[in-house]
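Have a look at the structure below before the remarks.
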Amino acid sequence: MAFIRHVDSSPASYYSGRSSSNTPNFSNQVFRSDNSDINQRQFEILKQNYPNGIPVSLYHHPQHQMSSGVSTISYPSNPYVSCFSNGSNNKSQSSFSSISHQTSGSISDVQTPEIEEPCYSNENDLRCKLQELERELFNDDEVNGDFINECDDMECMDDDWIKPMKNLLLIPPSPTESSSDSNSNPISAGENRTPKQLLFHCASAFSEGNYEEVSAFITEIRQLVSIHGDPSQRLAACLVEGLASSFESSGKDIYKALSCKEPPTSDRLSAMQILFEACPCFNFGITAANGAITEALEDEKKVHIIDFDINQGAQYVTLLQDLSKRTKQLLRVRITAVDDPESVQRSIGGLTMIGKRLEKVAEDLHIAFEFVPIASKTEDVTTAMLACRSDEALVVNFAYSLHHMPDESVSVANQRDHLLRMVKGLKPKLVTIIEQDVNTNTAPFYPRFVEVYNYYLAVFESLDATLPRDSLDRMNVERHCLAKDIINIVACEGTDRIERYEPAGKWRMRMNMAGFVSSPMSSYVKQAIRAQVKNSYCDRYKVKEEAGTINFGWEDKILISSSAWK
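For the sequence shown, full-length UniProt numbering begins at 1 and goes up steadily by one.
In structure tokens, the structure reads:
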């Protein structure tokens, strides 16, 4: 489960940074802009907006390259890290390690017919014209300043259309302007920008390869944010470290450093419990899945449940209790739990401890119980290893786990869809999926950053409504359950990015392609959940149903989706 992580007993290891002094090379593929030529559709729109001729500058595409050993950029003290520091020798306590590199921007001109470039009296006229073009292209009358599409409209557009238009609208400054302003802060001293605005500017600069601006933005943002502040400041403290980690290519190491290998401790279990109570949308998703499973197994005598990431098994404590109340003929429950032996999320022997705990629960409920751990990576699991039996009703549960599987955007093996097809071949009576409803999988860097901001801001705001800002419990939740995933999403690419969430619609498409059909939850389950939300929590938590999926959110932002399939 993405939001439930082990607590490291040593706070100093929270941001241990990189284990090596060698700085990995930057990937041009990640940092450079899309160099696609203007397609015919864009050309026609540009002609309509520039009747006197299209400016040649709109045909230019920035391309950025990196070379080492020229200049050094150092970051100031890291406020987010120092809060958790205990004084041990760690690079990240005082600053991120210096990076030596040179940035050079080259403009690749596309050969075009000679066009008379229209004259504008000043830069503001040109900017206004570009904003007109932006509104028309995105069909949005409320574009927020220099930020391109901060809302969910980005999902509705193809990447092939978004990237070229983003390059068009974010026109780089002229060489003269670049040389004169290269040593100055990209935000003028007279402007008061919010952390959100600075973060978005920094993310945009990073995606365009303007690394000197990125350095200046990070310095400024760190002076404004606080992990003791309001939700936006606390979130910004996480995101700015994600940007710095992207800049240093250290996201993979930080992600591993924040994944504790120690057995579950009372502190970590406490952080889990606090998250589920303070931001109950995550627990709502499990409640909905358990309701669907209980109803599907109501008349079954023997049950086999397969879980590809059982985490700490808390879901099954509740499920066993529900089964003992609702089922009349239940004789035996078998749970098969797949566990990666190399996982940093759970220590060796941790799965055995979980099994013993569930055995004790089943014994108290007078349920015959068997727990079968499988030490294997999920992608290596075969149907033979799962040992399904014809006399057992089979249920497969994916609780906050499917998004860890790489899909076709990462590898041609497409392990995500392969797993779903394999599960379909097992002929289960029910499959349940609980996932975060946000796109951090295929979205390019800048739209992904915007998605992360909007999603996690709702999570941080929900915590603000239930826990005091100076609460150590809240700080533990934000540190152990949220910050690591945020940094992984922002700072890692390719196979290093583990947290690859997808919206409910994408999961629906994948399930249909694998041969599953939706099994909407009963009115009883939905009414029970709505009553629980209404009676136990504030009215800012929302429950909505769409296409057989139950969505749970904070105000108007959906956070969790839960669905059942046959």
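Idealized CB from N, CA, C, for every residue including glycine. Quick caveat: nothing in here was measured; it's all calculated off a predicted structure.
Going by the beta-carbon positions, is the gap between residue 323 and residue 294 smaller than 8 angstroms? Yes, Cβ-Cβ distance for residue 323 and residue 294 is below 8 angstroms.
Proximal residues to residue 232 (C-beta, below 8 angstroms), its chain only, five neighbours per side dropped: The answer, listed in chain order, is 194, 195, 196, 457, 460.
Own chain partners of residue 224 with C-beta closer than 6 angstroms, once the 5 adjacent residues on each side are dropped: Excluding residues within five positions, the ones whose Cβ falls inside 6 angstroms are 195.
Could you pull the start and end residues of the beta strand (DSSP E) that residue 304 belongs to? Boundaries of the beta strand (DSSP E) around residue 304: 302-307.
Let's test the definition: count the other Cβ atoms within 10 Å of the Cβ of residue 561 and tell me whether it reaches 16, buried, or not, exposed. Of the residues assessed, residue 561 falls on the buried side of the cut-off, its CB having 16 or more other CB atoms within 10 angstroms.
Among residues of its own chain, excluding the 5 on either side of residue 511, which ones have a beta-carbon nearer than 6 angstroms to its beta-carbon? Counting only Cβ-Cβ distances below 6 angstroms, and skipping sequence neighbours, we find 565.
Would you grab the beta carbon distance between residue 498 and residue 404 for me? Rounded to a whole angstrom, and I think it's under 8 angstroms. That pair is a contact at about 6 angstroms.
Tell me whether the region 415-424 and the region 471-478 touch, counting them as touching only if at least three CB pairs, one residue from each stretch, are closer than 8 angstroms. The region 415-424 vs the region 471-478: no contact.
Report the three-state DSSP secondary structure of residue 336 (helix, strand or coil). Correct three-state label for residue 336: strand.
Should residue 299 go down as buried or exposed, given a rule of 16 or more other Cβ atoms within 10 Å for buried? Around the beta carbon of residue 299, fewer than 16 other beta carbons sit within 10 angstroms, so the residue counts as exposed.
Let me check you understand the geometry: is the CB of residue 516 closer than 7 angstroms to at least one non-hydrogen atom of the ligand MN? No copy of the ligand MN appears in this structure; indeed no ligand is present at all.
Neighbourhood of residue 284 by C-beta, 6 angstroms cutoff - its chain only, sequence neighbours within 5 removed: These residues qualify, in order along the chain: 552.
When you compare the CB positions of residue 246 and residue 491, do they come within less than 8 angstroms of one another, or not? Yes, they are a contact pair.
Looking at the structure shown, is residue 324 part of a helix, part of a strand, or coil, going by DSSP? The answer is helix: DSSP assigns residue 324 an H, G or I state.
Can you grab the Cα-Cα spacing for the pair residue 301 / residue 325, in whole Å? Roughly 14 angstroms between the two C-alpha positions.
For residue 288, decide whether its Cβ has a neighbour in chain B, counting only Cβ atoms nearer than 8 angstroms. Judged by its chain identifiers, the structure shown contains no chain B, having just a single protein chain.
Closest to residue 321 by C-alpha separation, out of 503, 353, 287, would be which residue? With distances taken between Cα atoms, residue 321 lies closest to 287.
When burial is assigned at 16 or more other CB atoms within 10 Å of the CB, is residue 290 buried or exposed? The residue in question, residue 290, is buried, as its Cβ has 16 or more Cβ neighbours within 10 Å.
Taking C-alpha atoms, which residue in 563, 543, 547 lies nearest to residue 555? The shortest C-alpha separation from residue 555 is found at 543.
For residue 480, count neighbouring C-beta atoms within 10 Å of its own C-beta (all shown protein chains included) and say buried if the count is 16 or more, exposed if not. Buried: at least 16 other Cβ atoms inside 10 Å.
Would you decide whether residue 514 is buried or exposed? Buried here means 16 or more other CB atoms lie within 10 Å of its CB. Buried, since its Cβ has 16 or more Cβ neighbours within 10 Å.
Using alpha carbons as the reference points, say which of 226, 209, 220 lies closest to residue 470. Checked all of 226, 209, 220; the closest Cα to residue 470 is 226.
Looking only at DSSP bridge pairs, what is residue 541 linked to? Residue 541 is bridged to 554.
How many angstroms separate the CA atom of residue 463 from the CA atom of residue 529? Approximately 20 angstroms, taken between the alpha carbons.
Tell me which residues share the same chain as residue 495 and place their Cβ nearer than 8 angstroms to its Cβ, disregarding the 5 neighbours each side in the sequence. Contacts found: 406, 410, 411.
For residue 192, count the other beta carbons within 10 Å of its own beta carbon; 16 or more makes it buried, fewer makes it exposed. Which is it? With fewer than 16 Cβ atoms within 10 Å of its Cβ, residue 192 is classed as exposed.
Using a Cβ-Cβ cut-off of 7 angstroms (strictly less than) and excluding sequence neighbours within five positions of residue 540, which residues of its own chain qualify? Excluding residues within five positions, the ones whose Cβ falls inside 7 angstroms are 465, 554, 555.
Rounded to the nearest angstrom, what separates residue 389 and residue 303 at their Cα positions? Whole-angstrom Cα-Cα distance: 10 angstroms.
Is it true that the CB of residue 424 sits closer than 8 angstroms to the CB of residue 394? No, the Cβ-Cβ distance between residue 394 and residue 424 is not below 8 angstroms.
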